[in-house]
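Chains as they are written, first to last, in numbering that gives the first Met the number 0: chain B, 0 to 68; chain E, 0 to 153. Using N, Cα and C, we set each Cβ at its ideal position, and we do this for glycine too. Computed from a prediction, not measured in an experiment: that's the story for all the values here.
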Amino acid sequence: MNLFRSEDHARNWDRYDEAMTSSLRPVTDWADIFANRYFRERGRPDFVSWTRSETGLSAFAELRRRARS
Amino acid sequence: MSDPGLLDRGYAEVLQRCVATGQAPHYTELAASLGISLADARSLVHELVALTPGWVHPGTDLLASFPPFNLQPTQYRVSIDGDQRWFAQCGFEALAIRWLFPGKQVRIEAPCLCCGEPLVVEMTDETITTIEPETMVGYTSAEVGGDAASRPFR
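Spelled out as structure tokens, the structure:
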């Protein structure tokens, strides 16, 4: 999960895999995905319990969906 | 398996130490701060890592990565209000560090893995103030939240 100067730079990386081309996105898109509540709530004192709550599970499902789409 | 209350306290203790210092506590320190036995603290470290996309150094009880941070230096250097003492686990987790430092400027500096030329992202809470170069992209060769064995290599 890395940052590159441009799409061409990512495609020229020696570990680039065409099968994961869907993950090649502007850094602003990834910044938005990593603004999911799952990340925002990490600092709470009951974070582990929160991840198992309905809200936490929903946030994680949304994260997986956006990361894959 | 530790009870949920201990998992919450252990997670918060490790993460807050990382936020404050850029380093994770050893399990002996965790035992003292949580008031539990050394054996329980050692087990707790592994339980906590299993709950996150982090890892211990192979064959040890030493926290190597506790997202969004990496305790072993990576190419993702992170400065908070100009103070560089943190490393991000990966380029994507670097973008989530801001949520642990509300109101502060987070600056991410890294070399591009293709050419070694610099990348800079600056952000404060919701606002991204700098992306250099503007053509910057993110890419992963492994699924986000995917196979644990691949984590140190993605």
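Considering only C-alpha positions, which residue in the set the options is nearest to residue i?
i                      : options                     : result
residue 45 of chain B  : E:10, E:111, E:0 and E:85   : E:10
residue 5 of chain E   : E:34, E:22 and E:104        : E:34
residue 123 of chain E : E:85, E:68, E:135 and E:103 : E:103
residue 50 of chain E  : E:137, E:0 and E:111        : E:0
residue 35 of chain B  : B:5, B:19, B:54 and B:10    : B:54
residue 53 of chain E  : E:40, E:70 and E:141        : E:70
residue 79 of chain E  : E:17, E:7, E:2 and E:13     : E:17
residue 68 of chain B  : B:42, B:30, B:22 and B:41   : B:22
residue 194 of chain E : B:61, B:50 and B:57         : Residue 194 of chain E lies beyond the range of chain E shown here (0 to 153); nothing can be said about it.
residue 128 of chain E : E:141, E:107 and E:138      : E:107
residue 98 of chain E  : B:27, B:47, B:33 and B:66   : B:33
residue 6 of chain B   : E:141, E:119 and E:113      : E:113
residue 75 of chain E  : E:42, E:21, E:32 and E:41   : E:21
residue 66 of chain B  : B:48, B:11, B:9 and B:28    : B:28
residue 47 of chain B  : E:61, E:40, E:12 and E:115  : E:12
residue 52 of chain B  : B:3, B:37, B:19 and B:11    : B:37
Does residue i get closer than 7 angstroms to chain E when you measure Cβ to Cβ?
i                     : result
residue 57 of chain B : no
residue 6 of chain B  : yes
residue 60 of chain B : no
residue 36 of chain B : no
residue 24 of chain B : yes
residue 64 of chain B : no
residue 52 of chain B : no
residue 48 of chain B : yes
Taking 7 angstroms as the threshold (beta carbon to beta carbon), is residue i in contact with chain B?
i                      : result
residue 3 of chain E   : yes
residue 129 of chain E : no
residue 69 of chain E  : no
residue 183 of chain E : An answer regarding residue 183 of chain E cannot be provided, because it is not within the stretch 0 to 153 covered by chain E.
residue 62 of chain E  : no
residue 10 of chain E  : yes
residue 151 of chain E : Because residue 151 of chain E carries a pLDDT of 49, less than 50, the predicted location of this residue cannot be relied on, and no value is offered for it.
residue 17 of chain E  : no
residue 112 of chain E : yes
residue 134 of chain E : yes
residue 29 of chain E  : no
residue 98 of chain E  : yes
Return the first residue and the last residue of the beta strand (DSSP E) that residue i is part of.
i                      : result
residue 85 of chain E  : 82 to 86
residue 15 of chain B  : That residue, residue 15 of chain B, is in no beta strand (DSSP E); it is neither H nor E in DSSP.
residue 121 of chain E : 117 to 123
residue 41 of chain B  : Counting along the chain, residue 41 of chain B falls outside any beta strand (DSSP E), and DSSP gives it neither H nor E.
residue 20 of chain B  : No beta strand (DSSP E) contains residue 20 of chain B, which DSSP labels as neither H nor E.
residue 137 of chain E : 136 to 138
residue 79 of chain E  : 76 to 79
residue 95 of chain E  : Residue 95 of chain E -> no beta strand (DSSP E), and no H or E assigned at all.
residue 128 of chain E : 126 to 131
List the whole-angstrom C-beta distance separating residue i from residue j, where the pair is believed to meet the contact cut-off of C-beta under 8 angstroms.
i                      : j                      : result
residue 92 of chain E  : residue 117 of chain E : Not quite, the Cβ-Cβ distance comes to about 19 angstroms (not below 8 angstroms), so this is no contact.
residue 105 of chain E : residue 121 of chain E : 7 angstroms
residue 65 of chain E  : residue 109 of chain E : Contact doesn't hold; Cβ gap of about 19 angstroms is too wide.
residue 139 of chain E : residue 0 of chain B   : 4 angstroms
How would you write the range of the alpha helix (DSSP H) that residue i sits in, first residue to last?
i                     : result
residue 20 of chain E : 3 to 20
residue 60 of chain B : 53 to 67
residue 41 of chain E : 37 to 50
residue 33 of chain E : 26 to 33
residue 27 of chain B : 26 to 32
Hey, would you say the C-beta of residue i is under 6 angstroms away from at least one heavy atom of the ligand MG?
i                    : result
residue 6 of chain E : As presented, the structure is devoid of all ligands, the ligand MG included, so that no description of it is given.
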